[in-house]
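K.L.:
Those sequence lines, one after another, are chains A and B.
Under the numbering used here, the residue at position 123 of the first sequence is numbered 1041, and the numbers go up by one with no gaps.
Under the numbering used here, the residue at position 52 of the second sequence is numbered 167, and the numbers go up by one with no gaps.
Every residue gets a Cβ at the ideal spot worked out from N, C-alpha and C, and that includes glycine.
If you're wondering where the values come from, they're calculated on a predicted model, not measured in any experiment.
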Amino acid sequence: MTAPWLDGAPSREIILLSLLLAALILFPLLANDYLITVLILIFYFAYVGQAWNLMMGFAGQLSLGHALYVGLGAYAAAALYVHFGISPWLGLWVSVAVAAGTGGLIGFLAFRFGVAGVYFAILTIAFAEFARLAFDHWSWVGGSAGFFLPVANYAKNDLVNLRGSPTMFYYVLLAMTVGAFLVCHALLRSRAGYYWLAIRESPEAAQALGINLFRYRMYVVVLSAAMTSLGGVVFAFYYNNLFPEQVFHISRSIELILAPIIGGIGTLFGPIIGAFLLTALAEGLDEIMRTAGLDVPGVKQIFYGVCLLVVVMFLPDGVWPPLAKVLRLDGQRGQDQPGC
Amino acid sequence: MAALLEIAGISKNFSGLKAVQNVSFNVPEGAIVGLIGPNGAGKTTCFNLVAGVYRPEAGEIRLAGRRIDGWRPDQICRAGLGRTFQLVKPFAGLTVMENVVVGALKQSHSVRAAKQLAARVVEQLGLQSKCHEPAGSLTLPDRKRLEVARALATAPRILLLDEVMAGLRPTETDRMVGLFKDLNARLGLTILMIEHVMRAVMALSRHVVVLHHGQVIAAGAPGEVTRDPAVLECYLGEDAL
């Protein structure tokens, strides 16, 4: 197995990954609908977490407004489908273009005028808030009353229009999560990947080595925005309803960065592990509360907070790096080559 | 023939403090020029002006005949100028090898080619035993070596070294001196170095420029310059004379 994107990956990693993937492909045959919906959530957070991680984990650009790209992607594809009957497979290109354009605009404003670090993060929040207010008042897409997709008949899956059962969404999101992983894996080994890591570690030194900071920061913001918007497209067609107050809200932006933070920022497996842990534990908590007959509002948020606290205090690099050591999967790039 | 690096009357103020005033000197192709002076003389500011970190308020800087003052550091690097930082700036989370690969990518078409090139540079600097260690775990002398390796990997025409010998043991200094002599002789690499370790300056440079209070107070062969009363005064004080 020597596909070009696997160049340099230890074979142990490949075997374990193949087994995991096979298990996930077979999973819907054995699992009930509830477990499938949980896995869908996990894949969704793993996917958008990976997209966010590209920007923060690789290139060190903190975005706290990634719900913006989810929302733009969701609204663009949903509006084209509802108003013009355009298939989401065509609509997603518009979603990508709109999100990439908006990401590019934010990046341009920030990087041209030297807005960096915390101030950059605030700018991303501001744009997500602009979008929330604008969509609240945009009646073509329902305004604050929400925008609804016609609910599909689950008897028959219509992949062309993304109308169908949770199992269909399960496979679509699984493919996206795997795809995002492979894309990030390849990017990390490319020129851009090296340059992003260099910029993350020391912008001054990176620039002294001939790296055009503006260009490579723009690349990562546009790419991350585009990737995130695809998550939004699936989000819209899975939930069938969009409310600006929910989609663009800052709590959504925070929610989607929890998985990579808990799993391990800047690692390829971090967003995936983080999404599994967080979602599985949160759903488990839900189940326990239900069977115990307790109804505590906000318990999930408290749970997320506790998780974050524990990870930040005891595993500041996230769950994945120590876990990788245990699984002996912490081979670093280039270590397979003899000598130097 | 014009010099590879021409510095003509450059100045830079930091809110009233005249860090560099009307400094001019040339670095001919293939030369090793030392830039010395007491602490706070403006040596590093001078480097930062040449490397594009600051824009000079007056004067001109030419690299191989092209004006580069006002260019960004990455443009100046691509024009053929490599530099190290006095306060080393390793990519701490990356391995030694990855650090050097980032530099090598500037002149390589592929990551694979950059890795091969980086491996050679890592070996030249004697870092091969540490090539998979994170740069953040290196000792200071090794970090200095890594600074040089990264800059060399960009295949510069002129290399600006900012106190790379500081903190090295004498044997390590001699080894570094040997490396620069070799690069200079074999590849014709031009070097401009800020250095306090006179052992290294004397061994490498045939021409030395002395800065004091942001101004050039002497220039010439190292032997002559170190006997110059103005230079002795700025280092040792008036009473010592």
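1. Where does the unbroken alpha helix (DSSP H) through L276 (chain B) begin, and where does it stop?
2. For W923 (chain A) and P1215 (chain A), what's the separation of their Cα atoms in angstroms?
3. With a threshold of 16 other CB atoms inside 10 Å of the CB of K371 (chain B), please say whether the residue is buried or exposed.
4. Whole angstroms are fine: how far does the CA of A300 (chain B) sit from the CA of C349 (chain B)?
5. Say whether chain A places a C-beta atom closer than 8 Å to the C-beta of F140 (chain B).
6. Compare the Cα-Cα distances from E1173 (chain A) to each of A:L1186, A:T1185, A:N1159, A:G1192 and report the closest residue.
7. Just grab the DSSP bridge partners of T305 (chain B) for me.
8. To be precise: take each residue of the segment 1107 to 1133 of chain A, compare its Cβ to all Cβ atoms of chain B, and keep it if any distance is under 8 Å. Which residues remain?
9. DSSP three-state call for D297 (chain B): helix, strand or coil?
10. Bridge partners for S126 (chain B) per DSSP, in chain order?
11. Skipping 5 residues on each side, what residues in its chain have a beta carbon closer than 8 Å to that of I176 (chain B)?
12. At what residues does the alpha helix (DSSP H) containing V138 (chain B) begin and finish?
13. Out of A:A1143, A:V1237, A:F1187, which has the shortest C-alpha to C-alpha gap to S1013 (chain A)?
14. In whole angstroms, what is the alpha-carbon distance linking A921 (chain A) and Y1112 (chain A)?
15. Would you tell me roughly how many angstroms separate the C-alpha atoms of L948 (chain A) and W1007 (chain A), rounded to the nearest one?
16. Do the CB positions of L986 (chain A) and F1045 (chain A) come within less than 8 Å of each other?
17. Do L939 (chain A) and V1096 (chain A) have their C-beta atoms closer together than 8 Å?
18. List, in chain order, every chain A residue whose beta-carbon is nearer than 8 Å to that of G335 (chain B).
19. Less than 8 Å between C-beta atoms, sequence neighbours within five positions excluded: which residues of the same chain meet that for F961 (chain A)?
20. Would you kindly work out how many angstroms separate the C-alpha atoms of Q239 (chain B) and Y1137 (chain A), rounded to a whole number?
21. Taking all protein chains shown into account, decide if W1114 (chain A) is buried (16 or more other Cβ within 10 angstroms of its Cβ) or exposed.
22. So, with DSSP's three-state summary, where would you put V1230 (chain A)?
23. Near G167 (chain B), what residues of its chain come up, given a Cβ to Cβ distance below 6 Å and the 5 sequence neighbours on each side ignored?
24. Taking the alpha-carbon of I1175 (chain A) as reference, which of A:G1128, A:V1016, A:Y965 has the nearest alpha-carbon?
25. Quick one: what does DSSP say G991 (chain A) is sitting in, helix, strand or coil?
26. Are the CB atoms of V323 (chain B) and T288 (chain B) nearer to each other than 8 Å?
27. What are the boundary residues of the beta strand (DSSP E) that includes L196 (chain B)?
28. Measure the C-alpha to C-alpha separation of V1140 (chain A) and L1131 (chain A) and round it to an integer number of angstroms.
29. Quick one: give me the first and last residue of the beta strand (DSSP E) that Q330 (chain B) is part of.
30. If contacts are defined as beta-carbon pairs under 8 Å, then R1118 (chain A) and F976 (chain A) qualify, I think. What distance do you get, rounded to the angstrom?
31. Can you confirm whether K204 (chain B), when its beta carbon is compared against all beta carbons of chain A, has any partner nearer than 8 Å?
32. 8 Å is my cut-off, CB to CB: does K259 (chain B) come that close to chain A?
33. Exposed or buried, what is F1155 (chain A) when buried is set at 16 or more other beta-carbons lying within 10 Å of its beta-carbon?
34. What are the start and end residues of each continuous alpha helix (DSSP H) run of 4 or more residues lying completely inside the segment 955 to 1035 of chain A, in chain order?
35. Would G185 (chain B) pass as an interface residue toward chain A - the criterion being a Cβ-Cβ separation below 8 Å?
36. Do you know whose CA, among A:F1065, A:D1213, A:I1179, lies nearest A996 (chain A)'s CA?
P.N.:
In short:
1. No alpha helix (DSSP H) contains L276 (chain B), which is instead part of the beta strand (DSSP E) from 273 to 277.
2. With a pLDDT of 48 at W923 (chain A), under the threshold of 50, the predicted position of this residue should be treated as unreliable, though the coordinate-derived value follows. For W923 (chain A) and P1215 (chain A), the distance between alpha carbons rounds to 46 Å.
3. Shown here, chain B extends from 116 to 356; a query on residue 371 (chain B) therefore has no answer.
4. 33 Å
5. Closer than 8 Å: no.
6. A:G1192
7. For T305 (chain B), which the question treats as bridged, DSSP gives the partners B:I273.
8. For the segment 1107 to 1133 of chain A, the set of residues with a beta-carbon nearer than 8 Å to any beta-carbon of chain B comprises R1107, S1108, R1109, Y1112, Y1113, L1115, A1116, R1118, E1119, S1120, E1122, A1123, A1124, Q1125, A1126, L1127, G1128, I1129, N1130, L1131, in chain order.
9. helix
10. Answer by DSSP bridge pairing, in chain order: B:A173.
11. L120, E121, I122, A123, I125, L164, V165, R182, I183, D184
12. Counting along the chain, V138 (chain B) falls outside any alpha helix (DSSP H), though it belongs to the beta strand (DSSP E) covering 132 to 142.
13. A:A1143
14. The predicted position of A921 (chain A) is uncertain, since its pLDDT is 45 and thus under 50; a value taken from the coordinates is nonetheless stated next. Take the alpha-carbon of A921 (chain A) and the one of Y1112 (chain A): they are about 21 Å apart.
15. When only Cα atoms are considered, L948 (chain A) and W1007 (chain A) end up about 29 Å apart.
16. yes
17. With a cutoff of 8 Å on beta-carbon distance, L939 (chain A) and V1096 (chain A) are scored as near each other.
18. Within 8 Å Cβ-Cβ: nothing; G335 (chain B) doesn't reach chain A, min ~30 Å.
19. Y1088, L1091, L1092, M1094, T1095, A1193
20. Approximately 34 Å between the Cα atoms of the pair.
21. buried
22. helix
23. Closer than 6 Å at the Cβ level, and outside the excluded window around G167 (chain B), lie W186, R187, P188, I191.
24. A:Y965
25. helix
26. Not a contact, by the Cβ cut-off of 8 Å.
27. 196 to 198
28. 14 Å
29. 330 to 335
30. 7 Å
31. Interface residue, yes.
32. no
33. Buried is the call here.
34. Listed in chain order, the complete alpha helix (DSSP H) runs (minimum 4 residues) inside the segment 955 to 1035 of chain A are 985 to 1002, 1006 to 1030.
35. no
36. When the alpha-carbon of A996 (chain A) is set against those of A:F1065, A:D1213, A:I1179, the nearest one is in A:F1065.
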